[in-house]
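Peer 1: Protein chains in written order, with this note's numbering: chain S, 24 to 169; chain U, 24 to 169. I am attaching a structure below and will ask some questions about it afterwards.
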DNA sequence: TATTGTTATACTCTATAACTATA
DNA sequence: TATAGTTATAGAGTATAACAATA
């Protein structure tokens, strides 16, 4: 059986479709927490310590105005605090609150549930290989800093 | 080294991010043709023969109104024709024109270029395994009909 | 009454550009 | 002048719902 000459047989197409689906399902799981997928990468980064807003923007891969929006929403949930940097008063240092830390823990748990559903059709060894390959590509293309 | 407890180490997150990137790059490549990614799955389906609009909608996974929009744009490019079904005059049978066939050929070629760039960081065997795994998941979840 | 396709409308996500306050 | 953050606005992309023609 030769490789099928079809769009559905390209990595890019499958990645796009599956990514969209993974995101949608994740959004459904997050909804009860009052969160959407875009909040999660920010919570993740902040769990490593405070960040300035432009730093978050660059790390997450969105523009400054989007970060303002995301942080407004996280602040509304008492998940983060904006603290004016005393050394450079233009800056806000964003830090996680205890509520934020708990939310982050939950987003991680939901992400793992999401993976279980997504990977239920393939065996664990293949799933592990997939995770490794995706991680490799993401690192190589600078998508994640690792 | 234990599995890292981080969002960046989940399949769902990586799939979402990489899918978004793959789509964006593909969109850049398609732009000179006057096409966007959403047109491609429709061209692909039509290359197998005429379809009614609701059939396309279901197969591609979008709503009827979106299909109308996509077909309007493809018709504008002379890539498709709407032919009233004589057996059931509510229906339009959508068929590819010679121009559409040529465009479809080009979208496929660009998709392969896109894959090459995306997969340049990993070796061919790993890339083949990735394609197979993604295809398996997509088929199992009913994302593609195969 | 139900179905095919169409239109009008609204919502989400993101980007760009103009603005402020600091540096 | 340049930078951090904010606001206003606009552009994709999609969905929902009301509608016309046909079954």
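Every residue gets a Cβ at the ideal spot worked out from N, C-alpha and C, and that includes glycine.
Beta carbons nearer than 9 Å to chain U: which residues of the region 56 to 70 of chain S have them?
Peer 2: The region 56 to 70 of chain S vs chain U, Cβ under 9 Å: 60, 63, 64, 66, 67, 70.
Peer 1: Does DSSP classify residue 75(S) as helix, strand or coil?
Peer 2: Indexing the first chain from 1 puts residue 75(S) at position 52. In this structure, residue 75(S) counts as strand in the three-state DSSP scheme.
Peer 1: Going along chain U in order, which residues have a C-beta closer than 8 Å to the C-beta of residue 81(S)?
Peer 2: Reading the first chain from its first residue, position 58 is the one you call residue 81(S). Correct list: empty, because the minimum Cβ distance to chain U is about 15 Å.
Peer 1: So is residue 77(S) buried or exposed if we call it buried at 16+ other beta carbons inside 10 Å?
Peer 2: Counted from its first residue, the first chain places residue 77(S) at position 54. Residue 77(S) comes out exposed.
Peer 1: When the distance is taken between beta carbons, is residue 30(S) closer than 8 Å to residue 134(U)?
Peer 2: Counting from one through the second chain, the residue named residue 134(U) turns up at place 111. Counting from one through the first chain, the residue named residue 30(S) turns up at place 7. Their beta carbons are under 8 Å apart, which means residue 134(U) touches residue 30(S) by this criterion.
Peer 1: Counting C-beta neighbours from all protein chains within 10 Å, is the total for residue 123(S) 16 or more, i.e. buried, or is it exposed?
Peer 2: Position 100 of the first chain holds residue 123(S). Under this definition residue 123(S) is a buried residue.
Peer 1: In whole angstroms, give me the CA-to-CA distance for residue 121(S) and residue 140(S).
Peer 2: In the first chain, counting from the first residue as 1, residue 121(S) sits at position 98. In the first chain, counting from the first residue as 1, residue 140(S) sits at position 117. When rounded, the distance between both Cα atoms is 29 Å.
Peer 1: If I follow the unbroken alpha helix (DSSP H) through residue 52(U), where does it start and stop?
Peer 2: Your numbering for residue 52(U) matches position 29 in the second chain. Its alpha helix (DSSP H) spans residues 34 to 53.
Peer 1: What does the Cβ neighbour count give for residue 253(U), buried or exposed, with the cut at 16 atoms within 10 Å?
Peer 2: What the structure shows of chain U is the stretch from 24 to 169, and residue 253(U) is not part of that stretch, so it cannot be assessed.
Peer 1: Can you list, in chain order, the stretches of the beta strand (DSSP E) that have 3 or more residues and sit fully within the region 56 to 140 of chain S?
Peer 2: With a minimum length of 3 residues, the continuous beta strand (DSSP E) runs that stay inside the region 56 to 140 of chain S are 103 to 107, 115 to 119.
Peer 1: Rounded to the nearest angstrom, how far is the Cβ of residue 126(S) from that of residue 56(S), given a contact under 8 Å?
Peer 2: Within the first chain, residue 126(S) is the residue found at index 103, counting from 1. Within the first chain, residue 56(S) is the residue found at index 33, counting from 1. That pair is a contact at about 6 Å.
Peer 1: Closer than 7 Å by beta-carbon distance: list the chain U residues that pair up with residue 43(S), in chain order.
Peer 2: Taking the first residue of the first chain as 1, we reach residue 43(S) at position 20. Per Cβ cutoff of 7 Å: 42.
Peer 1: On the three-state DSSP scale, how would you describe residue 158(U)?
Peer 2: The residue given as residue 158(U) occupies position 135 in the second chain. Three-state DSSP puts residue 158(U) in a helix.
Peer 1: What's the gap between the Cα of residue 32(U) and the Cα of residue 45(U)?
Peer 2: What you label residue 32(U) is simply residue 9 of the second chain in a count that begins at 1. What you label residue 45(U) is simply residue 22 of the second chain in a count that begins at 1. The straight-line gap from Cα to Cα measures roughly 19 Å.
Peer 1: Could you check if residue 71(S) is buried or exposed, using at least 16 other CB atoms within 10 Å of its CB as the buried criterion?
Peer 2: The residue given as residue 71(S) occupies position 48 in the first chain. By the 10 Å Cβ count, residue 71(S) comes out exposed.
Peer 1: Would residue 106(S) pass as an interface residue toward chain U - the criterion being a Cβ-Cβ separation below 8 Å?
Peer 2: Sequence index remark: in the first chain, residue 106(S) carries index 83 (1-based). No, no contact with chain U.
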